[in-house]
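Keeping their order, the protein sequence lines are chains A and B.
Residue numbers for the first sequence, in the numbering used here: 29 to 340.
Residue numbers for the second sequence, in the numbering used here: 3 to 84.
Yeah, the Cβ is synthetic: ideal placement off N, Cα and C, and Gly gets one too.
A short write-up of the structure that comes next.
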Amino acid sequence: MNENGSSRDEFRLAGRMLDELALQMPFLHRATCDAKSVPIAQRLSALQSIGERLSQIYDGDDWIRESVRSYVYLSLEFLRLQRELEKTGAYLMSTEAETAQHVYDNADVFGGYYLPGLLLTEALWPNHFVLNTAFLNRFVEGLPPNPAILEVGVGTGYHLSQLLDRRESARYVGLDISEYAIDFCRRYAGVDHASSSSATFRLESITGDCALPEKSFDGIVIGEVLEHIETPFDVMVDLRRAAKPGATLFMTTVAFAANIDHIYMFESVEEIRDLVQQSGWTIEADWPLPVYPQDTPDMARRPMNYGAVLKN
Amino acid sequence: MPEDNHQKLLSVVARVFDVGPVGLTDETSQDDIDRWDSFGMINLVNELELSFGVSFDILEIIEFRTVGIIKDSLAEKGISFP
Chain A
29 MNENGSSRDE FRLAGRMLDE LALQMPFLHR ATCDAKSVPI AQRLSALQSI GERLSQIYDG
89 DDWIRESVRS YVYLSLEFLR LQRELEKTGA YLMSTEAETA QHVYDNADVF GGYYLPGLLL
149 TEALWPNHFV LNTAFLNRFV EGLPPNPAIL EVGVGTGYHL SQLLDRRESA RYVGLDISEY
209 AIDFCRRYAG VDHASSSSAT FRLESITGDC ALPEKSFDGI VIGEVLEHIE TPFDVMVDLR
269 RAAKPGATLF MTTVAFAANI DHIYMFESVE EIRDLVQQSG WTIEADWPLP VYPQDTPDMA
329 RRPMNYGAVL KN
Chain B
3 MPEDNHQKLL SVVARVFDVG PVGLTDETSQ DDIDRWDSFG MINLVNELEL SFGVSFDILE
63 IIEFRTVGII KDSLAEKGIS FP
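Encoded structure:
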């Protein structure tokens, strides 16, 4: 066993990524490894699996340094923006037009550090790890055979890769506003243009003239999207229309947690729950998770992650 | 005065991390100060920006491993040091 609580052989790539993190930013390594809500030993297999996929995409070993640097960048950016949010009470941007220009169509941001950094948070940020575990155990495991799946905001492809690992026959439609995200998602999930997978992608916004077929999907995934759009209530209503009766939806979002592209402010977990229920969905299970260990889920204007499985 | 900026930098570091300025040198690093963690770094950057009237981007902050590196970064922004 080593200082990260792992056997190097079993989690060799995870160990190398953590070593690189210790080299680049020792205090972030400590914060990442010492987080008590989910011990690092439990998160290593997720990190190893991310590393294995990345090692298949990129030649050589530079991806370790680059992806860890992206993680460091994203983590420090969060802390800076959160400090600013706590001072001003407002997110940095407020419209989808601004975020499209500065983030989703920006080669330095979505084509640069953002997606690789976000990918590592899926294993390294305890709250993201908990929500991904819920995605697998409560959403994917509950899907019918050969499910029709809609994902709004394909992001890094982390959800898609996990879905296809367990439901290879899923018929998947992924929407994203960013070409960079669709490209990254395809590569990470191993769904290239020539593959025989039934995954299809649409480059469009869920808030635009997005014609979704009615009563068509067994499962819908909308991870960390609601805080990025101006009209989350309308989107949740639209998604209910696209869902088959009895379909499930897996969602994650945040309350009062800053990022460069967060524009819609939920001030508390209760506000999220209210919006979800008023849009017609039933909450089957949810996971309100404070970002700071000293906070509790009922607090307002404190940073929270939130995930839920909803029923139509 | 250039000397003032050196003292000013040490004072900011000492105040943010609640340590005595005596003993702080250019070689003082993150490993030497317990409170130089994620939040400490963000507090330090905020205080430096206010005190010196400069701003840092994330790529610069990532490199802030020692007091000397911070000093070099301030010097690149036109802050004079002896």
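Counting only runs of 4+ residues, the alpha helix (DSSP H) found wholly inside the segment 35-61 of chain B occupies 40-54, in chain order.
When R215/A, G183/A, A74/A and R97/A are compared, the shortest CA-CA separation from A151/A is found for A74/A.
At least 8 Å separates the CB of S53/B from every CB of chain A. Nearest to F212/A by alpha-carbon distance, out of P144/A, S65/A, E242/A and H256/A, is P144/A.
Annotated as proximal: F55/A and Q32/B, with beta-carbon spacing under 8 Å. Exclusion of the five residues before and after H8/B leaves F83 as the residues of its chain whose Cβ lies within less than 6 Å of its Cβ. Non-local C-beta neighbours of E51/B in its own chain, meaning closer than 8 Å and more than five positions away in sequence, comprise S57 and F58, ordered along the chain. Judged by DSSP in its simplified three-state form, V263/A adopts helix. For the segment 36-53 of chain B, the set of residues with a beta-carbon nearer than 9 Å to any beta-carbon of chain A comprises W38, D39, S40, F41, G42, M43, I44, N45, V47 and N48, in chain order.
Checking the DSSP bridge columns, you'll see R230/A partnered with L203/A.
L178/A is bridged by DSSP to V201/A and I248/A. Bounds of any alpha helix (DSSP H) do not take in D289/A, whose DSSP letter is neither H nor E.
Pairing G202/A with A227/A gives a Cβ-Cβ distance under 8 Å. Among the residues facing chain B, L49/A is not included, as its CB has no counterpart in that chain under 8 Å away. In this model, Y208/A and F245/A are separated by some 25 Å (Cα to Cα). Under the Cβ criterion (8 Å, minimum of three pairs), the segment 186-195 of chain A counts as touching the segment 167-174 of chain A. Residue-level contact check: Y101/A touches chain B, since one or more beta carbons of chain B fall below 8 Å from its beta carbon.
At a cut-off of 4 residues, the continuous stretches assigned as alpha helix (DSSP H) that sit fully inside the segment 276-323 of chain A are 297-306. The Cβ of F55/A sits closer than 8 Å to at least one Cβ of chain B. At a cut-off of 8 Å, the C-beta of A227/A has no neighbouring C-beta in chain B.
When Cβ-Cβ separations below 8 Å define contact, I63/B makes contact with chain A. Among the residues facing chain A, I71/B is not included, as its CB has no counterpart in that chain under 8 Å away. Interface criterion met: the Cβ of L107/A is under 8 Å from a Cβ in chain B. Sequence-distant Cβ neighbours of L146/A in its own chain, meaning closer than 6 Å and more than five residues away, are T184.
Among the residues facing chain B, A59/A is included, as its CB has a counterpart in that chain under 8 Å away.
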